[in-house]
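Here is the structure we will look at, set down as structure tokens.
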Amino acid sequence: MRESNANEPTTGTDEREDSVGSRSATALRSDGGHPQEAIDAQGSRRGETLDARIFEHNAGDDQEGIPFVGAGPGDPGLLTVTGSKLLEDADLVVHAGSLVNSELLEEYCDHAELVNSVGKDLETLVPLMRDAYEDGRAVVRLHSGDPAIYGAALEQMDALEHEGVPTYFVPGVTSAFAASATLRTQLTLNEVSNHVAFTRPQGKTLTEADDHVSDFVGMGDVTTCLYLGTHAVSETMDRLLDDGHDPETPVAVIYHASWPDEDVIVGTIDTIGAQVEEAGYRASAVVVIGDAVTARGYERSYLYGDWANRGDSSEANDAETQADGD
Ligand SMILES: C[S@@+](CC[C@H](N)C(=O)[O-])C[C@H]1O[C@@H](n2cnc3c(N)ncnc32)[C@H](O)[C@@H]1O
3 MRESNANEPT TGTDEREDSV GSRSATALRS DGGHPQEAID AQGSRRGETL
53 DARIFEHNAG DDQEGIPFVG AGPGDPGLLT VTGSKLLEDA DLVVHAGSLV
103 NSELLEEYCD HAELVNSVGK DLETLVPLMR DAYEDGRAVV RLHSGDPAIY
153 GAALEQMDAL EHEGVPTYFV PGVTSAFAAS ATLRTQLTLN EVSNHVAFTR
203 PQGKTLTEAD DHVSDFVGMG DVTTCLYLGT HAVSETMDRL LDDGHDPETP
253 VAVIYHASWP DEDVIVGTID TIGAQVEEAG YRASAVVVIG DAVTARGYER
303 SYLYGDWANR GDSSEANDAE TQADGD
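Per the numbering used here, the very first residue in the sequence shown carries number 3; after that it's consecutive.
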């Protein structure tokens, strides 16, 4: 494993994790070399007609181009089989810094050149991946968790596609799912939570008006999973208290879910801010808000109740209908 030009994360907050930023210097070829123009062009093309690959690709088919692979939450065992094969065959792996467990890199990428994306902008990353791909090297872009959740993946993919390099997604286990496994609960639970919100609190990216944490908590039957908010747990809880939410609502903070140094703090809207401050965590945790945290008061589902025993010819015994009935 060769780490080239490695950068350590430059911030103690969650705001910059996995972000590629942008600046004006460029080695991009198309549209005067500005990634924003490439992104705009891809966006308007998508608005007119959907990518044919959406309909042509079948499960199991090999895909052409640079895969954007979800590394999962940390435990190398939670990487998908497809992701592991791609990493084993890779010549260059561009990874999302400290949120990708080094054990996973050691296990799957010891033969590959490694580049840490933290602190690098699109103008650096896109030509780096493009040139390696065009030189015939197997390139993998490795994101933490699932690239589709706060991954800033699509902008890199659009810029690469605009340069003529095909790309595709390989999903991963998002950290909220690792957190729910740690808590030994479900994020959806009959009579407790019918919905899950993946969200983030206001900050550099989100204005106060775009912060919907309080709205989700106010719905009552939503499990709210906060990403990118470890540094702001106290402020977020204060806002929930100001908005009149029940101070006893359960909240869990799962630091480094599925890592060897995983830590779990369980409290309430009223207490969790002080608990997290005492623990000293400023990044790399998921905050789960709602009654699903303790799973108190859930009811058995229809799936394994009377419903399951209706006659064989019943529509209810159709596997898909049963699964929907959970
Ligand atoms: C830029 S987002 C990336 C999320 C990632 N794509 C995912 O699906 O989990 C970074 C945030 O994800 C959360 N996160 C990522 N990995 C985590 C882990 N193993 N345990 C807890 N939180 C994690 C933290 O909230 C962190 O601030």
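Glycine is no exception: its CB is placed at the ideal position from the N, C-alpha and C atoms.
Give me the residue from Tyr170, Ala294 and Val278 with the minimum Cα distance to Gln65. With respect to the C-alpha of Gln65, the residue from Tyr170, Ala294 and Val278 having the closest C-alpha is Tyr170.
Mapping DSSP to helix, strand and coil, what is Ser86? Correct three-state label for Ser86: helix.
In three-state DSSP terms, what is Asp20? Below a pLDDT of 50, predicted positions are generally treated as unreliable, and Asp20, at 44, falls in that range; the measurement from the model is reported next regardless. The answer is coil: DSSP assigns Asp20 none of H, G, I, E or B.
At what residues does the alpha helix (DSSP H) containing Leu130 begin and finish? It spans Leu124 to Glu136 - the alpha helix (DSSP H) in which Leu130 sits, taken as one unbroken run.
Taking the alpha-carbon positions, what's the Ala285 to Thr232 distance? One Cα belongs to Ala285, the other to Thr232, and the distance between them is close to 5 Å.
Using 10 angstroms around the beta-carbon of Glu301, count the other beta-carbons present and answer buried if the total reaches 16, otherwise exposed. With fewer than 16 Cβ atoms within 10 Å of its Cβ, Glu301 is classed as exposed.
Just checking Gly147 against ligand 2 - is the residue's beta carbon closer than 7 Å to any of the ligand's heavy atoms? This structure simply doesn't include ligand 2; it includes ligand 1 instead.
Determine the extent of the beta strand (DSSP E) in which His333 is found, giving its start and end residues. Not covered by the structure: residue 333. The range shown for the chain is 3 to 328.
Sub-8 Å separation of Val71 and Leu144 beta-carbons: Yes, the Cβ-Cβ distance between Val71 and Leu144 is below 8 Å.
Which residue from Ser100, Gly99 and Glu108 puts its Cα closest to that of Ser86? Out of Ser100, Gly99 and Glu108, Glu108 has the C-alpha closest to the C-alpha of Ser86.
Does the segment 34-51 touch the segment 160-169, meaning 3 or more C-beta pairs lie closer than 8 Å? Output reads yes: the segment 34-51 touches the segment 160-169.
If you run the structure through DSSP and keep just helix, strand and coil, what is Pro149? If DSSP states are grouped into helix, strand and coil, Pro149 belongs with coil.
Flag Gly2 as yes when its Cβ comes closer than 7 Å to any non-hydrogen atom of ligand 1, and as no otherwise. This structure cannot settle anything about residue 2, because the visible part of the chain is limited to 3 through 328.
Mind checking which residues open and close the beta strand (DSSP E) that includes Tyr257? In the DSSP annotation of this structure, the continuous segment of the beta strand (DSSP E) that includes Tyr257 starts and ends at Pro252 to Tyr257.
Between the Cα of Gly220 and those of Ser195, Arg139 and Thr209, spot the shortest distance and give me the residue it belongs to. Among Ser195, Arg139 and Thr209, the Cα nearest to that of Gly220 belongs to Ser195.
Could you have a look at Thr13 and say whether DSSP puts it in helix, strand or coil? Confidence at Thr13 is low in this model, with a pLDDT of 37, below 50, so the placement of that residue is unreliable and no value is reported for it.
Would you check if the segment 253-267 and the segment 201-216 touch, i.e. whether three or more CB-CB distances between them fall below 8 Å? The segment 201-216 is not in contact with the segment 253-267.
Under 8 Å between C-beta atoms of Leu191 and Ala310: Not in contact: Leu191 and Ala310 (Cβ atoms no closer than 8 Å).
Considering only C-alpha positions, which residue in the set Phe57, Val290, Ala40 and Gly67 is nearest to Val172? Out of Phe57, Val290, Ala40 and Gly67, Gly67 has the C-alpha closest to the C-alpha of Val172.
Would you mind reading off the limits of the alpha helix (DSSP H) that contains Glu66? Unbroken run through Glu66: none, as it is neither H nor E.
Selection from Pro262, Ile271 and Ile267 that minimises the alpha carbon distance to Arg241: Comparing Cα-Cα distances from Arg241 to each of Pro262, Ile271 and Ile267, the minimum goes to Ile271.
Do the CB positions of Gly299 and Glu193 come within less than 8 Å of each other? Glu193 sits close to Gly299, with the two beta carbons spaced by under 8 Å.
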